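In order, the protein sequence lines correspond to chains E and A.
When you line the first sequence up against UniProt numbering, it's residues 1 to 199, in that order.
When you line the second sequence up against UniProt numbering, it's residues 1 to 199, in that order.
Cβ atoms here follow ideal geometry from the backbone N, Cα and C, with glycine treated the same way.
Treat the numbers as computed from the prediction; the structure is a model and nothing was measured.
Let me begin by presenting the structure, written as structure tokens, before commenting on it.
2 protein chains.
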Amino acid sequence: MPKLGAEPIRRAALVKAAIETVGDAGSLDVTVAQIARRAGMSSALAHHYFGSKERIFLAAMREILSLYGAEVRGALTAAAAAAVEGCVHQARLRAIIRGSFAPGSFRREAISAWLNFYVLARTNPEARRLLTVYQRRLQSNLMHDLRPLVGDRAAEIASGLGALIDGVYIRAALSGEPDAVQAAGIVLHHLDRELECAP
Amino acid sequence: MPKLGAEPIRRAALVKAAIETVGDAGSLDVTVAQIARRAGMSSALAHHYFGSKERIFLAAMREILSLYGAEVRGALTAAAAAAVEGCVHQARLRAIIRGSFAPGSFRREAISAWLNFYVLARTNPEARRLLTVYQRRLQSNLMHDLRPLVGDRAAEIASGLGALIDGVYIRAALSGEPDAVQAAGIVLHHLDRELECAP
DNA sequence: ATGTTTATTGACTCGTCAATCAACAAAAAC
DNA sequence: GTTTTTGTTGATTGACGAGTCAATAAACAT
């Protein structure tokens with residue numbers, strides 16, 4: 001059965017299976033055997049390629065963050081194409097927010113993954129690092145378009161927006177029926193208020 | 001050794017130990033034996049009084065929510081005493097926010113407990129119920145003082161404030177040095193913006 | 001005194017699971 | 001065609017942990 005060049009395929013399958021398994025269980029309390037079975041292989045092979053359960057989780061977290069990043073980047077380039085001159089910054093800010101609440105980031109497994117990776121980040125240095133990267137990139141993206149609009153208040157507003165995005169995410173995750181549009185609406189509304197009230 | 005009337009004392013000790021143990025571990029992946037040892041008894045006794053690990057966690061969650069509720073109630077009555085006439089509602093709203101970021105709710109164990117209870121609420125119906133109670137009470141508290149100030153916009157604004165409180169909480173939890181004052185400041189700032197911009 | 005209720009634990013059961021290893025299979029290299 | 005590299009797994013190890021139980025002991029009731 002061994003086909004050559006299996007490593008990348010196996011790794012990807014395991015990462016996908018890990019995200020799905022955590023999504024189903026709702027917690028990181030899942031076994032390597034469950035993940036491996038879902039990925040169609042033995043648990044020994046999972047250990048062979050990743051070395052430990054922890055490494056599988058970290059790879060899954062990288063995948064989640066990477067998907068999120070792609071979502072935001074996509075929304076940003078779409079916005080750049082569509083935006084009327086003079087409103088580019090507003091349009092980009094809205095794109096970042098919409099990207100954060102894209103359907104993909106809002107699937108059940110993704111939400112479960114995020115929640116559990118928050119918990120993982122409390123104890124695992126690498127997980128914490130990855131989450132810091134995410135937060136810094138978001139902050140920096142927001143600042144880039146806020147500074148031209150509100151100057152010195154950019155940092156403060158970006159912090160608020162970042163926290164609001166996270167908070168709305170969790171609210172939606174815990175409500176039975178996450179409504180991505182409404183969630184994004186709350187954040188967009190907050191942005192409007194901040195921009196309206198600029199001195 | 002058996003002194004009579006030990007049950008309530010033992011239960012309280014176990015709840016306290018559970019919160020501390022989860023706080024130290026940063027996850028719910030702790031053993032009944034660890035909790036029991038910390039509470040100064042055998043794991044058998046912990047099972048005797050609570051029946052299962054799950055029940056211990058739920059009791060701990062109730063305790064955390066109860067402490068939070070007390071904090072907010074305290075801040076509200078203090079605000080009622082101090083507030084100048086005509087600003088009562090603003091003062092009460094600020095009190096709710098400050099109560100949410102009281103030092104007590106911001107200790108390491110409390111933050112760990114909150115994060116992990118969010119995760120628990122994904123799978124455990126009783127945990128979800130408790131979290132819903134918390135969210136509803138917060139929403140209702142906020143609405144009570146927002147309605148006189150902003151009328152129909154109250155519900156929308158209360159949702160935003162609730163999500164922002166949760167989000168800021170998590171940001172602070174994941175930053176090494178949670179700064180309760182700064183955290184409360186972000187939410188208070190958001191409130192001011194919403195009230196300033198009232199039509 | 002004697003029986004009942006409450007408190008308490010050590011020892012045990014039964015299961016689970018991460019990680020390892022020896023062994024087998026197929027492709028590639030030489 | 002044999003050796004080496006890559007892929008793969010069943011079986012095993014070693015540890016740990018939730019929940020049970022029988023047994024002990026102190027207080028209380030009568």
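Once DSSP output is grouped into helix, strand and coil, what is the label at residue i?
i      : result
A/F117 : helix
A/S66  : helix
A/M41  : coil
E/T21  : helix
E/F101 : coil
E/G26  : coil
E/R122 : coil
A/R107 : coil
E/M1   : Summary for E/M1: the model assigns pLDDT 48, below 50, so the residue's position carries little reliability; its value from the coordinates is reported in the next sentence. Here E/M1 sits in coil by DSSP.
A/A83  : coil
E/D179 : coil
A/T132 : helix
E/S52  : coil
E/R77  : Looking at the sequence provided, one finds Thr at residue 77 of chain E rather than Arg. Helix.
Distance check for residue j and residue i, CA to CA, integer angstroms please.
i                      : j      : result
A/L45                  : A/G23  : 22 Å
E/D145                 : E/V168 : 22 Å
A/R122                 : A/F101 : 24 Å
E/A36                  : E/S42  : 6 Å
E/Y134                 : E/R108 : 20 Å
A/F50                  : A/G104 : 26 Å
A/V32                  : E/E7   : 40 Å
E/S175                 : A/G5   : 41 Å
A/H89                  : A/A70  : 19 Å
E/A80                  : E/N141 : 14 Å
A/Y118                 : A/T132 : 11 Å
E/M12                  : E/I170 : Checking the displayed sequence, the identity of residue 12 of chain E turns out to be Ala instead of Met. So the alpha carbons of these two residues sit roughly 27 Å apart.
E/H47                  : E/K53  : 8 Å
E/R62                  : E/L130 : 7 Å
A/N124                 : A/A113 : 15 Å
A/L58                  : A/L67  : 14 Å
A/Q183                 : E/V84  : Strictly speaking, residue 183 of chain A in this sequence is Ala, with Gln absent from that position. Rounded to whole angstroms, A/A183 to E/V84 spans 36 Å at the Cα level.
A/L14                  : A/A39  : 6 Å
residue 260 of chain A : A/G185 : The structure shown does not extend to residue 260 of chain A, since chain A spans only 1 to 199, so no value can be given for it.
E/G86                  : E/L93  : 13 Å
residue 227 of chain E : E/D29  : Nothing about residue 227 of chain E can be reported from this structure: the residues present for chain E run from 1 to 199 only.
A/G99                  : A/A75  : 6 Å
E/L115                 : A/S27  : 12 Å
Cβ of residue i less than 9 Å from any chain E Cβ?
i                      : result
A/T21                  : no
A/S100                 : no
A/A173                 : yes
residue 270 of chain A : Chain A is shown only over 1 to 199; residue 270 of chain A falls outside these bounds and no answer can be derived.
A/N116                 : yes
A/A155                 : no
A/T132                 : yes
residue 206 of chain A : Nothing can be reported for residue 206 of chain A, as the shown portion of chain A is limited to 1 through 199.
A/I170                 : yes
A/S27                  : yes
A/S159                 : yes
Does any C-beta atom of chain A lie closer than 9 Å to the C-beta of residue i?
i      : result
E/T31  : no
E/I64  : no
E/V181 : no
E/A121 : yes
E/D166 : yes
E/Y68  : no
E/I186 : yes
E/Q34  : no
E/A18  : no
E/Q135 : yes
E/E126 : no
E/E54  : no
E/G151 : no
For my contact list, residue i and residue j are in at a C-beta cut-off of 8 Å; report their separation, rounded to the angstrom.
i      : j      : result
E/Q139 : E/A158 : 5 Å
E/A18  : E/I56  : 5 Å
E/H189 : A/G160 : 7 Å
E/I165 : E/V187 : 6 Å
A/R153 : E/R193 : Incorrect: roughly 11 Å between the Cβ atoms, too far for contact.
A/A95  : A/A110 : The Cβ separation is near 19 Å, so there is no contact.
A/L149 : A/L195 : 6 Å
E/A127 : E/M143 : Actually they do not touch by this definition, with Cβ atoms about 25 Å apart.
The ligand SAH and residue i: does the residue's C-beta get closer than 8 Å to at least one heavy atom of that ligand?
i     : result
E/G99 : Judged by which ligands are present, the structure shown has none, so any question about the ligand SAH falls away.
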